[in-house]
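*Asks:* The structure follows.
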Ligand SMILES: Cc1cc2nc3c(=O)[nH]c(=O)nc-3n(C[C@H](O)[C@H](O)[C@H](O)COP(=O)(O)OP(=O)(O)OC[C@H]3O[C@@H](n4cnc5c(N)ncnc54)[C@H](O)[C@@H]3O)c2cc1C
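In the working numbering, the protein residues as written are 29 to 507.
Here you go:
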């Protein structure tokens, strides 16, 4: 049976059965075409339900050799490729319509070297896979806040989470990567080997090759950490966020804190006073080893107003890392997110955020404010590709809904909230929290990478001159 797949220019390539058999002959994973590529039981389907496009061909890799073969095959046949790690792209970059998907979702192995304090993580691992293994040794990599997110996309785009203030971004803790480049070579990227590629991988996204293995530096964390989760009425957000800001600016590095606004669902086990109620949740993690001291340092966050409910307590680190999972079910939600950095958080910016939080387009939509700083700001803006190393806050408008009829209204609301925030913010987006509806893939890249863009384009030209890896926040090669 012949498979028709598209090339980047939209033209079609016919792949006869014997050609696919040749690929499968060496491949350890699965080569799925036609009905197989429409597989509804795939392990990590795209998280964002707005993007249900199907590939013509899926190569589900089991290791670096499979990835290299898949890249070479796609290259030889001129196919348009998409790359999937954890499938959690907010922007819908987990799939490719009618092209070839190189799927790493079967590559979830994690190996911890507790003596050297290193973790070796395969390119399709989810955050929860890493936390599970590293916590066995009382160690952790700073990763994100939802355990089903892919390590790959998150790290290559920077990676904010609960340990940032103390230990930096996920990409700041990368010490080595194994990468399959567009010509099918397998390279090591580190401070010693291919340092330009290593620089670009730390924040530059999926532009430069497919990372089959990440080696991260580990830190002692847990098994218990201090956790603050205090629910205030959303109507009080203005006052609460002013006090939160003043606390956050002086908080110790062990504390990473944020405010999430949402309409809390009628979740079993949670008190009725917050059921279906708009709330502002002041959250924080304290990663210090003295739990009593940690809870004492978090105490002011529990007294920013009159809480409706307070679930602050010492908690296992792994429980904190998956605490937000129920709000982000895979493939169930349509999503359009936009974020922006803030150099200051003056009272009028807080008032604008509070007004937008009351005016969210639906109960599942969030307006979040994150405190950034600490170790994230210890790294120079040009030391890695990730250039944002000074803004103390970020605001994120995360619209989520289920009815396709709401697409236009939700996207429009998000854009208008983001535009309004440019009065107070830098206008610079965080690409991991940036959606794409009808924007070109290189739309936010210029402002997101700023003065690092030229260097990224030179490195792109060296490793991927034909823009083989183009379904990403696309850095265009020169020329
Ligand atoms: C519910 C939710 C919570 C989130 N929380 C956070 C958070 O706390 N902090 C944060 O920083 N971000 C967060 N994000 C954003 C997330 O980091 C990005 O969407 C990221 O791209 C997801 O990575 P993935 O591997 O799951 O993505 P995928 O959809 O699998 O891939 C997206 C893109 O990443 C690249 N990519 C994936 N795997 C590889 C690989 N092995 N090698 C090279 N390139 C690859 C490709 O360009 C691909 O198109 C969250 C997203 C969601 C949906």
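Even glycine gets a Cβ: it sits at the ideal position worked out from N, Cα and C. Note that the structure is a prediction, hence the values are computed from the model and not measured.
Measuring CB to CB, does residue 391 end up less than 9 Å from residue 441?
*Replies:* no
*Asks:* Could you check the C-alpha separation between residue 277 and residue 423 for me, to the nearest Å?
*Replies:* For residue 277 and residue 423, the distance between alpha carbons rounds to 15 Å.
*Asks:* Which residues mark the beginning and the end of the beta strand (DSSP E) in which residue 314 is found?
*Replies:* 305 to 314
*Asks:* Decide if residue 492 is buried, meaning its Cβ has at least 16 other Cβ atoms within 10 Å, or exposed.
*Replies:* buried
*Asks:* Identify the residues that DSSP records as bridge partners of residue 33: which are they?
*Replies:* 41
*Asks:* Is the closest heavy atom of ligand 1 to the C-beta of residue 500 under 8 Å?
*Replies:* For residue 500, the distance from the CB to the nearest heavy atom of ligand 1 is below 8 Å.
*Asks:* Measuring alpha carbon to alpha carbon, tell me which of 79, 46 and 292 ends up nearest residue 359.
*Replies:* 79
*Asks:* Should residue 216 be counted as a contact of ligand 3 given a C-beta to heavy atom distance under 8 Å?
*Replies:* The ligand content of the structure shown is limited to ligand 1, which means ligand 3 is not among them.
*Asks:* Exposed or buried, what is residue 295 when buried is set at 16 or more other beta-carbons lying within 10 Å of its beta-carbon?
*Replies:* exposed
*Asks:* Can you give the Cα-Cα distance for residue 167 and residue 173, rounded to whole angstroms?
*Replies:* 17 Å
*Asks:* Helix, strand or coil: which one does DSSP assign to residue 204?
*Replies:* strand
*Asks:* Look at the alpha carbon of residue 254 and the alpha carbon of residue 104, and state the distance between them as a whole number of angstroms.
*Replies:* In a straight line, the C-alpha of residue 254 is about 53 Å away from that of residue 104.
*Asks:* Taking buried to mean at least 16 other C-beta atoms within 10 Å of its own C-beta, is residue 415 buried or exposed?
*Replies:* buried
*Asks:* If you check the beta carbons only, do residue 169 and residue 201 fall under 9 Å apart?
*Replies:* yes
*Asks:* Could you tell me whether the segment 264 to 275 touches the segment 368 to 384, where touching means 3 or more Cβ pairs closer than 8 Å?
*Replies:* Touching, per the Cβ criterion.
*Asks:* Could you check if residue 116 belongs to the surroundings of ligand 1, using beta carbon to heavy atom distance under 8 Å?
*Replies:* yes
*Asks:* Skipping 5 residues on each side, what residues in its chain have a beta carbon closer than 6 Å to that of residue 152?
*Replies:* 113, 132, 133, 135 and 136
*Asks:* Apart from the five residues on each side of it in sequence, which residues of its chain come closer than 6 Å, Cβ to Cβ, to residue 52?
*Replies:* Excluding residues within five positions, the ones whose Cβ falls inside 6 Å are 59.
*Asks:* Please indicate yes or no: does the CB of residue 315 lie closer than 8 Å to some heavy atom of ligand 1?
*Replies:* no
*Asks:* So residue 315 packs on residue 249, CB below 8 Å; how close in whole Å?
*Replies:* 5 Å
*Asks:* Any heavy atom of ligand 1 closer than 8 Å to the Cβ of residue 121?
*Replies:* yes
*Asks:* Determine the burial state of residue 506: buried for a count of at least 16 other Cβ atoms within 10 Å of its Cβ, exposed for fewer.
*Replies:* exposed
*Asks:* For residue 198 and residue 181, what's the separation of their Cα atoms in angstroms?
*Replies:* Using only the alpha carbons, I get a separation of about 11 Å.
*Asks:* For residue 94, does the count of other Cβ atoms within 10 angstroms reach 16, so buried, or fall short, so exposed?
*Replies:* buried
*Asks:* Let me confirm a value: residue 32 is counted as buried when at least 16 other C-beta atoms fall within 10 Å, else exposed. Which label applies?
*Replies:* Sixteen is the threshold: since fewer than 16 other Cβ atoms of the shown chains lie within 10 Å of the Cβ of residue 32, the residue is exposed.
*Asks:* Ligand 1 and residue 188: does any heavy atom of the ligand fall closer than 8 Å to the residue's C-beta?
*Replies:* yes
*Asks:* The beta strand (DSSP E) spanning residue 223 covers which residue range?
*Replies:* Run containing residue 223: none in the beta strand (DSSP E); it sits in the alpha helix (DSSP H), 223 to 229.
*Asks:* Any idea what DSSP makes of residue 149, helix, strand or coil?
*Replies:* strand
*Asks:* Are the beta-carbon atoms belonging to residue 127 and residue 85 less than 9 Å from one another?
*Replies:* yes
*Asks:* If you measure between the beta carbons of residue 154 and residue 233, is that distance less than 9 Å?
*Replies:* No. Outside cutoff.
*Asks:* For the alpha helix (DSSP H) that contains residue 196, what are its first and last residues?
*Replies:* No alpha helix (DSSP H) contains residue 196, which DSSP labels as neither H nor E.
*Asks:* Would residue 503 and residue 473 be called neighbours here (beta carbons separated by less than 9 Å)?
*Replies:* With contacts defined as CB atoms closer than 9 Å, residue 503 and residue 473 qualify as a contacting pair.
*Asks:* Between the Cα of residue 456 and those of 241, 479, 270 and 436, spot the shortest distance and give me the residue it belongs to.
*Replies:* 479
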